[in-house]
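Trainee:
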Amino acid sequence: MSTQNDQQAREQLIDLAAQFYDQFELGEIPHMSVPTRTKNNIEYDEDSDVWVYGDRESTRSANSVRGARKLLKAVYTIEFLADQLEQDRSSTLRELYYLSESWDNEEAQFNDQDESNGLIEDLEIVSGVTREDFHMRPEESGATIMGPLHLREQTRRGEREIHCQEDVGEGGYQIPNNPDTIEFLDTDADFILAVETGGMRDRLVENGFDEEYNALIVHLKGQPARATRRITKRLHDELDLPVTVFADGDPWSYRIYGSVAYGSIKSAHLSEYLATPEAKYVGIQPADIVEYDLPTDPLSDSDINALESELEDPRFQTDYWEEQIELQLEIEKKSEQQSLASHGLDFVTDTYLPERLTEMGVI
Amino acid sequence: MTSFQSTLGDEPGIAEELAENQQAISIAEFFEKNKHMLGFDSGARGLVTAVKEAVDNALDAAEEAGILPDIYVEIQEDGDYYRLIVEDNGPGLTKESLPKVFGKLLYGSRFHVREQNRGQQGIGISAAVLYSQLTSGKPAKITSRTQGESEAQYFELIVDTDDNEPEISVEETTTWDRPHGTRIELEMEANMRARQQLHDYIKHTAVVNPHARLELREPKAAFKFERATDQLPEETEEIRPHPHGVELGTVMKMLTATDSHSISGFLQEEFTRVGKKTADSVIDAFRDRHYGREMRWRSPATHEGIDLESVVTEATANKGADATAAFAGAIAESVDERDRIAHHELRADVEAAAEATEADHGTTFGETVRENAVEAVWLELIGAAGEDGEPAVGDDEASGETDESRLVSDLYDLVDEATSTRKDDEVVHAFAERLAARFEDEGSEDVRHRLTHRALSDHVDRAAELTEEYDDVAFGDTARENVVDAVWGVMATVPDDPPLVRELESDRDASSDLVDGMRETDIMAPPTRCLSPISADLIEAGLEKEFDADFYASSTRDAEVHGGDPFIVEAGIAYGGDLEAEGGVDVLRFANRVPLVYQRGACATTDVVRSIGWRNYGLDQPGGSGVPNGPAVIMVHVASTNVPFTSESKDAVANVPEIEDEIELAIREAARELKSYLNKRRSMQQRRKKQNVLGKILPEMATKVAEVTGREEPEIDDAIARIMNNVLVERQIEENGDGQAVSVVVENNSSTNESLEVTDIVSAEPRNLSDGATVVEMDGEWFVKWETEVPSGDEAALEYEVSAEAAFDLDVKGVESEKLTLTEATQ
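Taken in sequence, the protein lines are chains U and W.
Following my numbering, the numbering of the first sequence begins with 15 at its first residue and continues without gaps.
Following my numbering, the numbering of the second sequence begins with 30 at its first residue and continues without gaps.
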């Protein structure tokens with residue numbers, strides 16, 4: 015399956031190069047168009063319940079020196095990726111950036127990693143092949159799963175069957191870079207609890223929350239990597255598990271929830287593949303801060319700006335979020351997940367989560 | 030002085046003693062005292078000035094004779110002395126005129142002439158001669174040959190410094206290789222410390238005289254400046270002086286010299302832009318100044334109850350009732366018809382009435398009768414009739430005390446109108462009364478109420494002062510001026526005949542009134558045929574000749590006038606090339622084609638250059654003001670019949686606002702061209718840079734694309750032309766039977782319309798040319814020419830057929846090379 019996939023990805027890339035070739039031959043200015051990747055250009059797709067790019071496009075054209083350099087780099091990158099696929103190798107985004115230093119043409123070398131990351135995104139969009147299929151991976155994945163799940167992973171060193179509670183240490187099961195190499199065998203889980211911070215994840219594991227409530231605890235590690243979101247979606251779709259997100263009570267955490275549930279702005283072209291629209295937000299909600307009388311920090315200026323920009327973000331334009339965000343702007347306070355410890359170390363597993371999850375109808 | 034005054038009585042001989050000490054100052058002494066003014070204050074400067082005067086002279090001499098100047102300057106070192114030799118190819122000089130030209134200070138044909146000329150004071154070359162004589166003790170050696178003479182004349186000339194008379198000490202014939210011209214050799218105490226200024230002078234002279242050939246030979250170097258044009262400057266015409274530009278002294282001299290008898294004739298004959306009408310205006314203005322105006326009082330209104338008829342009747346005796354009544358009626362009627370009447374107008378009315386009555390009734394109305402009538406009516410009009418104790422109207426007596434005089438009410442209305450509304454009515458009234466009193470006083474001397482403007486001002490001032498004093502209110506200068514203007518406005522110019530020219534000659538005051546009158550009158554600007562601007566084209570030619578730059582611009586303004594002298598300002602700018610990029614730009618200043626070398630900082634030209642914001646025009650200007658930096662030369666030429674200089678040495682143009690304005694406009698005009706050139710150059714540079722980068726990137730991209738796709742390298746010229754918004758000219762050839770069909774396609778990708786001239790040189794005869802193309806055969810090659818204009822985004826094609834083995838060579842003009850892509854595509 016994988017080689018066939020690789021072959022297809024490679025052809026897609028070469029088609030892209032051929033497109034430039036034809037443009038040259040026709041006397042046209044070589045160019046490629048990609049959707050504009052900004053907040054203003056994402057729209058809700060009713061069919062798939064996720065946010066995807068709108069109609070606005072940016073053109074990378076050889077009309078200017080800048081544009082010509084971009085296209086030159088694109089062609090060099092295409093060549094590199096095609097070769098990588100052919101040789102069944104993989105590399106990280108950062109490696110690509112450094113690797114460009116070895117290219118014979120200085121004009122084609124990347125100035126910084128943002129540039130090479132952006133170019134990979136461009137190529138994903140234009141060719142319709144995901145980064146994983148190009149064999150490109152982020153520098154660190156490392157997010158983990160802990161819970162009653164039995165799976166089989168296709169590794170370079172052969173197949174491995176792993177139970178995510180019994181076969182792993184306290185650290186849990188490491189999600190691989192491309193979760194599509196995993197096959198789910200069996201599960202006793204009732205729901206998925208995606209947790210933002212490592213500290214809270216460890217608390218839940220220490221308190222045995224996964225065992226007590228048959229929960230799959232997925233560690234998001236801040237803004238979740240694609241692999242984390244992808245596996246979450248697959249767990250939801252294939253095993254029919256409800257997904258809940260447990261994060262801090264501040265605007266940045268709402269965005270983490272947003273990218274799990276609706277897709278991120280940068281990867282809106284992959285929303286259908288990555289986003290889980292059914293995911294629900296557990297907390298910390300601004301309402302919880304009031305209700306549980308949690309210790310707080312005042313909102314900083316950047317928090318307020320972020321909240322206000324979320325009010326304009328199409329992904330957050332629901333009654334629920336508008337109410338919560340406006341409440342937070344009113345109380346001008348935020349709280350971390352760990353602030354629940356002010357009521358005792360077991361408060362989160364004994365009281366808060368059971369109450370919230372019952373309220374949400376998950377348990 | 031005081032000490033002389035105090036001892037005046039004691040020593041009666043002091044005046045004689047002083048007179049003995051006074052003696053004629055010799056010309057040598059005069060020169061010694063004034064040499065700084067004439068530009069000979071040091072040995073270094075003296076040499077430059079001598080060169081300058083001699084070269085100016087030589088240029089003028091050749092030009093006046095319609096000869097393209099060819100001037101040779103040599104400086105030889107001779108111990109402590111320098112020998113200056115200047116040769117020209119002018120018409121040469123006769124023995125008679127030669128001593129005067131070179132030897133007599135202030136001799137010149139040009140001082141009195143209103144015509145653009147290099148030298149104007151007649152001091153120049155003779156001062157150099159004198160300087161050389163005074164410092165070296167040697168005579169000036171002059172060789173001259175007039176056209177057609179077989180031999181040249183050689184003279185040695187010295188100036189008798191006691192009486193400013195030149196003397197020829199040696200005279201002989203000699204041989205000279207020039208067919209005509211003049212050579213002067215001066216030996217003088219000098220040094221070459223001002224070598225830079227000397228070079229500047231010669232080089233700059235070459236710039237503004239592109240029609241002249243100059244050569245400078247120094248002890249250790251030699252320079253040649255060739256002609257850039259064979260076109261002599263247009264000959265200037267002398268013009269008569271303009272009334273706005275003459276001084277009193279000049280006018281008095283002209284009055285002495287003129288053949289005209291009347292002032293009107295004098296004005297029309299001796300001045301430019303004065304015709305009959307203008308002369309009349311000038312004379313009216315003169316009359317107002319010289320004689321003053323007469324006050325015009327209001328004619329009596331009905332309610333005033335003044336019965337002029339009975340006044341006249343009473344004043345007229347023994348003329349018969351009918352005639353008297355007719356006479357009186359006619360006068361009363363004509364006075365009534367006027368709004369206001371002055372004494373001379375009344376007299377004219379009375380004369381007319383008398384003539385009419387004489388004609389109708391046959392009664393003679395003699396001078397006395399007329400006088401009486403005029404006096405009676407006038408006194409009535411100015412309200413002075415009552416003084417005789419004979420009230421003109423019966424009921425006047427009773428109310429006489431309370432009724433204000435006619436003059437007061439008349440003046441009250443004028444003053445009330447002229448002053449601000451904030452003035453108290455009482456005050457205005459009091460003022461009017463005082464002013465009227467002045468008129469009444471005036472009436473006792475001159476019943477006609479004739480006042481000059483000055484006298485009127487005095488009266489108004491006096492009345493105003495009294496008002497300020499007694500009524501304790503301010504009556505300021507503006508109010509006074511307004512009142513004077515209002516009253517002067519209703520006063521009438523008198524019809525007195527102006528004096529004749531011979532009467533004016535000796536009357537300084539009257540002449541001064543005439544000059545004032547001339548200045549006062551609006552007169553058309555003087556004609557400009559007396560000026561000879563260099564012209565914008567020749568300025569550029571001159572700059573191109575002497576400065577190796579990338580870009581030249583120039584401008585010539587229309588003529589303007591300052592103080593009666595017409596002037597034209599021209600400017601030129603050279604930029605880039607070999608010009609020095611470091612430091613400030615060079616400012617070349619010229620007046621009447623003569624370079625100004627000294628006193629740069631005192632010159633209006635420099636001031637204007639400093640005041641312009643050069644950053645707007647693309648030149649670097651630290652701090653946003655001052656002389657700009659960069660590889661540029663800015664030149665300014667002021668041509669005028671009388672260039673105003675700051676001093677006699679004529680080194681700097683004075684700050685005359687009219688001239689400064691024109692200098693600024695001229696420079697800005699040229700600077701705008703510079704700006705658009707620099708902008709274009711910048712955009713061409715950017716285009717070139719872009720082309721260079723893309724010219725590297727795109728082929729690499731094409732190679733890579735070919736590698737990745739495993740195909741041959743694609744053709745990228747078309748794409749590049751499009752990217753560069755270039756004009757793409759592409760030849761397409763198709764096999765056509767045994768020949769080939771050629772089409773040269775022009776594709777305009779730029780944002781503007783492009784005009785191209787395409788020449789395709791073909792080695793065989795082309796057939797079936799498309800429209801607009803022509804073909805010329807030359808030495809077995811056929812030149813296919815095609816001119817076309819292609820709109821932005823459009824394309825056009827030249828098509829023809831030619832035999833199969835033909836070769837081609839394509840040449841395109843009209844499009845900058847940066848914007849042009851030429852390709853050959855064979856299909």
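Even glycine gets a Cβ: it sits at the ideal position worked out from N, Cα and C.
In this text, all values refer to a predicted model and were calculated from it rather than measured experimentally.
For chain W, check one thing: does any of its Cβ atoms lie closer than 8 Å to the Cβ of Ile28 of chain U?
Mentor: Yes, Ile28 of chain U counts as interfacial toward chain W.
Trainee: Give the interface partners of Val787 of chain W over in chain U, defined as CB-CB distance under 8 Å, in chain order.
Mentor: Going along chain U, no residue has its Cβ under 8 Å from Val787 of chain W, so there is no contact; the nearest lies around 20 Å.
Trainee: Roughly how many whole angstroms lie between the Cα atoms of Glu573 of chain W and Gly294 of chain W?
Mentor: 51 Å
Trainee: Quick one: is Asp680 of chain W buried, meaning 16 or more other Cβ sit within 10 Å of its Cβ, or exposed?
Mentor: Answer is buried; the Cβ neighbour count reaches 16.
Trainee: Listed in chain order, which residues of the stretch 90-105 of chain U have Cβ atoms closer than 8 Å to some Cβ of chain W?
Mentor: Within the stretch 90-105 of chain U, the qualifying residues are Tyr90, Ile92, Glu93, Ala96.
Trainee: Looking at the C-beta of Leu648 of chain W, does it have a partner C-beta in chain U at a distance below 8 Å?
Mentor: no
Trainee: Of the residues that make up the stretch 740-758 of chain W, which ones have a beta carbon closer than 7 Å to any beta carbon in chain U?
Mentor: Arg740, Pro743, Glu744, Ile745, Asp747, Ala748, Arg751, Ile752
Trainee: Just to confirm the assignment: which complete alpha helix (DSSP H) runs, minimum length 4, are found wholly within the stretch 133-198 of chain U?
Mentor: Here no run is fully enclosed.
Trainee: How would you call Arg243 of chain U, buried or exposed, if buried means at least 16 neighbouring beta carbons within 10 angstroms?
Mentor: buried
Trainee: Report the start-end ranges of each alpha helix (DSSP H) in the stretch 241-323 of chain W that is 4 residues or longer and not cut off at the edges.
Mentor: Counting whole runs of 4 or more residues, the stretch 241-323 of chain W contains the alpha helix (DSSP H) stretches 277-286, 292-299, 305-319.
Trainee: What's the gap between the Cα of Leu97 of chain W and the Cα of Lys124 of chain W?
Mentor: Answer to the nearest angstrom: the Cα atoms are 24 Å apart.
Trainee: Would you check if the stretch 186-202 of chain U and the stretch 309-329 of chain U touch, i.e. whether three or more CB-CB distances between them fall below 8 Å?
Mentor: No, the stretch 309-329 of chain U is not in contact with the stretch 186-202 of chain U.
Trainee: For the stretch 121-155 of chain U, enumerate the residues whose C-beta is nearer than 8 Å to any C-beta of chain W, in chain order.
Mentor: Glu121, Ala122
Trainee: Thr246 of chain U: which of U:Glu292, U:Gly222, U:Arg217 sits nearest, CA to CA?
Mentor: U:Glu292
Trainee: Could you check if Ala620 of chain W is buried or exposed, using at least 16 other CB atoms within 10 Å of its CB as the buried criterion?
Mentor: buried
Trainee: For Glu109 of chain U, which option in U:Val89, U:Ile134, U:Leu85 has the closest C-alpha, if you only look at C-alpha atoms?
Mentor: U:Ile134
Trainee: Please state whether DSSP places Tyr378 of chain U in a helix, a strand or coil.
Mentor: Outside the displayed span of chain U (15 to 377) sits residue 378 of chain U, for which this structure offers no information.
Trainee: Just to confirm the assignment, what range does the alpha helix (DSSP H) spanning Gly266 of chain U have?
Mentor: Looking at the sequence itself, residue 266 of chain U is Trp, so the reference to Gly does not match. Looking at the DSSP string, the run of the alpha helix (DSSP H) that includes Trp266 of chain U is 265-275.
Trainee: Examine the Cβ distances between the stretch 302-309 of chain W and the stretch 337-356 of chain W and report whether three or more of them are shorter than 8 Å.
Mentor: no
Trainee: Can you tell me which of W:Ala554, W:Gly659, W:Asp636 puts its alpha carbon nearest to the alpha carbon of Ile602 of chain W?
Mentor: W:Gly659
Trainee: If you compare alpha carbons, which of W:Ser640, W:Ser712, W:Met283, W:His390 is closest to Val530 of chain W?
Mentor: W:Met283
Trainee: So, for Asp840 of chain W: in the same chain, excluding its five sequence neighbours on each side, which residues have a beta-carbon less than 6 Å away from its beta-carbon?
Mentor: Thr788
Trainee: Listed in chain order, which residues of the stretch 70-90 of chain U have Cβ atoms closer than 7 Å to some Cβ of chain W?
Mentor: Ala76, Asn77, Val79, Ala82, Arg83, Leu85, Leu86, Val89, Tyr90
Trainee: May I ask you to report which of helix, strand or coil DSSP gives Ser155 of chain W?
Mentor: DSSP places Ser155 of chain W in helix when its eight states are reduced to three.
Trainee: Can you grab the Cα-Cα spacing for the pair Trp205 of chain W / Ala90 of chain W, in whole Å?
Mentor: 18 Å
Trainee: If we cut at 8 Å on Cβ distances, does Ile245 of chain U have a partner in chain W?
Mentor: Answer no: the Cβ-Cβ gap between Ile245 of chain U and chain W never drops below 8 Å.
Trainee: CA-CA distance, Ala508 of chain W and Asp445 of chain W?
Mentor: Between the alpha carbons of Ala508 of chain W and Asp445 of chain W lies a gap of roughly 10 Å.
Trainee: Would you be able to state if there are at least three C-beta pairs under 8 Å between the stretch 371-386 of chain W and the stretch 474-489 of chain W?
Mentor: Yes, since at least three Cβ pairs between the stretch 474-489 of chain W and the stretch 371-386 of chain W fall closer than 8 Å, the two stretches touch.
Trainee: Quick one: does Ala32 of chain U have its CB under 8 Å from some CB of chain W?
Mentor: For Ala32 of chain U, the answer is yes, since a Cβ of chain W falls inside 8 Å of its Cβ.
Trainee: Comparing the C-beta of Glu39 of chain U with each C-beta of chain W, is any distance below 8 Å?
Mentor: yes
Trainee: Would you kindly report the start and end of the unbroken alpha helix (DSSP H) that includes Gln714 of chain W?
Mentor: 686-738
Trainee: Indicate the three-state DSSP secondary structure (helix, strand or coil) for Trp407 of chain W in the structure shown.
Mentor: helix
Trainee: Could you tell me whether the Cβ of Tyr35 of chain U comes closer than 8 Å to any Cβ of chain W?
Mentor: Yes - at least one Cβ of chain W is within 8 Å of the one on Tyr35 of chain U.
Trainee: Please list the terminal residues of the continuous beta strand (DSSP E) segment that includes Gln182 of chain W.
Mentor: For Gln182 of chain W, the uninterrupted beta strand (DSSP E) segment begins and ends at 181-189.
Trainee: Could you check what DSSP says for Gly72 of chain W in three-state terms: helix, strand or coil?
Mentor: Of the three classes helix, strand and coil, the one that applies to Gly72 of chain W here is helix, per DSSP.
Trainee: From the DSSP output, in three-state form, read off Tyr627 of chain W for me.
Mentor: Here Tyr627 of chain W sits in coil by DSSP.
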